[in-house]
Amino acid sequence: MRLLDKVVVITGAGSGVGRACALRFAQEGARIVVADVKDDWAAETVRLIEAAGGSATAVHCDVTVEAEVEAAVQAAVDTYGRLDVMFNNAGITGMVAGPVFEETTLEGWQTLTTVNFGGVFLGCKHAIRQFKAQGGGGTIVNTGSIAGMVGFGSVVYGATKGAVNQITKGLAVECAPHDIRVNAICPGTMPLTNFIMVDPANPFSKPPDDYLDMAAGLQPNGRYVTAEDCAEAALFLASDESRNITGVLLPVDGGYVAR
Ligand SMILES: NC(=O)c1ccc[n+]([C@@H]2O[C@H](COP(=O)([O-])OP(=O)(O)OC[C@H]3O[C@@H](n4cnc5c(N)ncnc54)[C@H](O)[C@@H]3O)[C@@H](O)[C@H]2O)c1
2 MRLLDKVVVI
12 TGAGSGVGRA
22 CALRFAQEGA
32 RIVVADVKDD
42 WAAETVRLIE
52 AAGGSATAVH
62 CDVTVEAEVE
72 AAVQAAVDTY
82 GRLDVMFNNA
92 GITGMVAGPV
102 FEETTLEGWQ
112 TLTTVNFGGV
122 FLGCKHAIRQ
132 FKAQGGGGTI
142 VNTGSIAGMV
152 GFGSVVYGAT
162 KGAVNQITKG
172 LAVECAPHDI
182 RVNAICPGTM
192 PLTNFIMVDP
202 ANPFSKPPDD
212 YLDMAAGLQP
222 NGRYVTAEDC
232 AEAALFLASD
242 ESRNITGVLL
252 PVDGGYVAR
């Protein structure tokens with residue numbers, strides 16, 4: 002019960018890292034607002050949590066729309082009375098902007114920036130407002146990426162994640178006097194989420210073995226990263242166990258950025 006009675010909003014909780022964190026946090030006693038742009042995926046996360054005996058509610062939330070991010074925070078207050086943890090996790094692949102930098106369109110750049118950085122900006126903004134209004138501090142966890150720490154190959158995507166990593170550190174300093182902690186997990190390659198769907202017609206389906214082998218081979222330890230790996234790291238950063246840790250970018254990457 003490492004998050005007993007904590008109220009947590011998780012964006013992008015309909016799939017992948019967000020869903021794994023929602024399930025894991027609920028197991029530890031948290032009450033979860035499952036925020037996602039895909040309503041049916043969010044509803045399924047709530048169903049899985051409730052089937053396991055946990056407590057959760059789904060809200061429609063496009064993280065690029067300020068009113069919807071604000072409403073997700075308000076849903077935590079209206080449903081469970083307060084907000085303890087804001088987990089800004091929603092993000093999209095750099096493939097939307099194309100694989101080669103100089104062929105990136107302005108529209109692709111804008112989409113990536115608005116979702117990956119803008120969504121974190123809005124989530125932090127409205128969480129901090131709520132934390133200050135209710136008093137007693139609070140915790141923010143962001144999902145960055147190793148692509149925001151080193152050159153990875155998807156340049157615009159990496160730049161949006163570099164911005165997420167930097168807002169994490171900047172806010173950690175600015176908010177420390179208010180007992181608001183701000184940390185990030187920085188995952189390596191996770192081929193089992195819906196991030197880069199090998200078969201877009203079949204979300205949540207397992208990619209072929211050769212693709213999984215390729216993904217595993219990117220990490221020095223020869224293992225691909227899973228959403229469940231990220232959930233364990235995020236659980237620590239969300240819980241009071243990390244009460245004196247803020248401004249940290251925690252790689253969950255099998256040693257990728259240590260090379
Ligand atoms: N999969 C990887 O290899 C990898 C590596 C490093 C970092 N990440 C990051 O991890 C995070 C989670 O990705 P994932 O791998 O679980 O992918 P995923 O596609 O399985 O999950 C992302 C979720 O975010 C939701 N989402 C997308 N756009 C949204 C929006 N505008 N508003 C609200 N929700 C939105 C999707 O509906 C989905 O449920 C992202 O921030 C991603 O950038 C992924």
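In short: position in the sequence shown from 1, add 1, done, that's our numbering.
No residue lacks a Cβ here, since even glycine has one placed at the ideal position from N, Cα and C.
Same chain only: Cβ atoms within 7 Å of residue i, ignoring 5 sequence neighbours per side
i: L250; result: G145, M150, N166, T169, A185, C187
i: C176; result: I129, V183
i: G95; result: L113, S155, V157, Y158
i: P192; result: P208, Y212, L213, A216, Y225
i: F205; result: N195
i: T115; result: T65
Cβ shell of residue i (< 8 Å), same chain only, five flanking positions each side left out
i: I246; result: R182, N184, L238
i: C125; result: M87, N89, I141, N143, I168, L172, V183
i: A72; result: V60, C62
i: T106; result: A98, G99
i: F102; result: V156, V157
Nearest candidate by alpha-carbon position, reference residue i, set the options
i: V38; options: L49, G30, C62; result: C62
i: G54; options: P252, F102, L24, V258; result: L24
i: V74; options: K162, M96, L123, H179; result: L123
i: A148; options: G138, G139, K162; result: K162
i: E51; options: E67, Q28, V66; result: Q28
i: Q220; options: V174, T190, F102, G30; result: T190
i: R3; options: E103, V101, A235; result: A235
Simplified DSSP assignment, three categories, for residue i
i: L238; result: helix
i: P252; result: strand
i: P1; result: Nothing can be reported for residue 1, as the shown portion of the chain is limited to 2 through 260.
i: N222; result: coil
i: I246; result: coil
i: F26; result: helix
i: D211; result: helix
i: F88; result: strand
i: D37; result: strand
i: P188; result: strand
i: V66; result: coil
i: A31; result: coil
i: I141; result: strand
i: T106; result: coil
i: T112; result: helix
i: A53; result: coil
i: V60; result: strand
Residue i classed as buried or exposed, judged by whether at least 16 other C-beta atoms fall within 10 angstroms
i: V226; result: buried
i: F118; result: buried
i: L5; result: exposed
i: S241; result: Before going further, note that residue 241 is Asp rather than Ser in the sequence given. Classification for D241: exposed.
i: N195; result: buried
i: A228; result: buried
6 Å CB neighbourhood of residue i in its chain, flanking five on each side removed
i: G19; result: I11, G13, N90
i: V153; result: Note that residue 153 corresponds to Phe in the displayed sequence, not to Val. The answer, listed in chain order, is G159.
i: D40; result: H61
i: A164; result: F118
i: S329; result: Within the shown structure, residues of the chain are numbered from 2 to 260, placing residue 329 beyond reach of any answer.
i: N143; result: N89, V121, V165, T169, A185
i: V35; result: A14, A23, A43, T46, V47, A57, A59
i: V8; result: R32, A77, Y81, R83, L84, D85
i: Q131; result: V74, L84
Inter-residue spacing [alpha-carbon to alpha-carbon] between residue i and residue j
i: P208; j: G136; result: 46 Å
i: E233; j: F26; result: 9 Å
i: K133; j: T80; result: 19 Å
i: V70; j: A217; result: 35 Å
i: G171; j: G248; result: 8 Å
i: G223; j: G255; result: 8 Å
i: S56; j: A77; result: 12 Å
i: L99; j: G109; result: Looking at the sequence itself, residue 99 is Gly, so the reference to Leu does not match. The alpha-carbon atoms of G99 and G109 are separated by roughly 8 Å.
i: S16; j: M198; result: 12 Å
i: V253; j: D230; result: 7 Å
i: D214; j: P178; result: 46 Å
i: A68; j: G92; result: 18 Å
i: Q111; j: L49; result: 34 Å
i: D200; j: D180; result: 44 Å
i: A202; j: G138; result: 43 Å
i: G30; j: A21; result: 15 Å
is_contact[residue i, chain D] using C-beta, thresh 8 Å
i: D6; result: As a matter of chain content, chain D is missing from the structure shown, which is built from one protein chain.
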